[in-house]
Amino acid sequence: MAARGLTGAHAGRDLRAEVAQVRLGGAAAKAPDTAVFRQAYGAYIKDGTDLAKAMPCTVCHTAMPPAKTNLNPYGADVGKAAAGKAVDIKILQAVEKLDSDKDGFSNLDEIKAGTHPGNPASKPRK
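Take the sequence shown: its letter number 24 is residue 16 in this note's numbering, and every next letter is one higher.
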């Protein structure tokens, strides 16, 4: 969503993407992490879904500002799989079969359904 009234370098920019690029406290999700998630699963991020509402930060974090100390179950599993490396598609694929939030659905099934893989209250309809 581009903000109205912005001019110059900020005109027409997606402010949600801009916020994702800010590293608060040195431990926030980095723009490359959210870009990789969008590259892998962008087709499933539909307006109005729980997944879209969680983008970009709370897909992996429980609150703002994002930090390593406020990871949700999905973010924790991604972090374990990354083991200190930059998140890439292989790391995201490594957690697809897991049910991070223990709601009975795999992370990939939740992403495909547009639900939140880190929130047990958000799950696909059976």
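Heads up, the beta-carbon is just placed ideally off N, CA and C, and yes, glycines get one too.
Exercise. When we look at the beta-carbon of I81 and count the other beta-carbons within 10 Å, is it buried (16 or more) or exposed?
Worked result: Counted from its first residue, the sequence shown places residue 81 at position 89. Exposed, because fewer than 16 other Cβ atoms sit within 10 Å of the Cβ of I81.
For this session: Pull up the DSSP beta-bridge partners for H53, would you.
Result: On the sequence shown, position 61 is the one that residue 53 refers to. Answer is L63.
For this session: Find out if the Cβ-Cβ distance for the pair N62, G110 is shorter than 8 angstroms.
Result: Looking up residue 62 in the sequence shown gives position 70. Looking up residue 110 in the sequence shown gives position 118. Their beta carbons are not under 8 angstroms apart, which means N62 does not touch G110 by this criterion.
Exercise. So, is D93 buried or exposed, given that buried needs 16 or more other C-beta atoms within 10 angstroms?
Worked result: Within the sequence shown, residue 93 is the residue found at index 101, counting from 1. Per the 10 Å Cβ criterion, buried.
Exercise. Ends of the alpha helix (DSSP H) at D42?
Worked result: Translated into the one-based positions of the sequence shown, residue 42 becomes position 50. 42 to 46 is the extent of the alpha helix (DSSP H) around D42.
Problem set entry | For P109, three-class secondary structure by DSSP | Residue 109 sits at position 117 when you count from the first residue of the sequence shown. If DSSP states are grouped into helix, strand and coil, P109 belongs with coil.
For this session: Ignore the nearest five residues each way along the sequence and tell me which others in I103's own chain have a CB closer than 7 angstroms to its CB.
Result: Here residue 103 is taken as the residue at index 111 of the sequence shown, counted from 1. Only Y33, Y36, L43, P109 meet the Cβ criterion.
Problem set entry | Classification of K118 by the beta-carbon crowding that lies within 10 angstroms, buried from 16 upward | Position 126 of the sequence shown, counted from the first residue, corresponds to residue 118. A residue is called buried once 16 or more other Cβ atoms fall within 10 Å of its Cβ, and K118, having fewer, is exposed.
Exercise. Run through DSSP, which three-state label would T84 get?
Worked result: For the purposes of this step, residue 84 is taken as the residue at position 92 of the sequence shown. Reading the sequence as shown, one finds Leu at residue 84 and not Thr. Note: L84 maps to helix in three-state DSSP.
Problem set entry | D39, buried or exposed, once every other Cβ within 10 Å from all chains shown has been counted against 16 | Position 47 of the sequence shown, counted from the start, is the residue given in the question as residue 39. Exposed, by the Cβ-count rule.
Exercise. If you drop the 5 nearest sequence neighbours on each side, which residues of the same chain put their C-beta closer than 7 angstroms to that of A46?
Worked result: Within the sequence shown, the letter at position 54 stands for residue 46. A distance below 7 angstroms between beta-carbons, with the five flanking residues on each side excluded, links A46 to the following residues of its chain, in chain order: H108.
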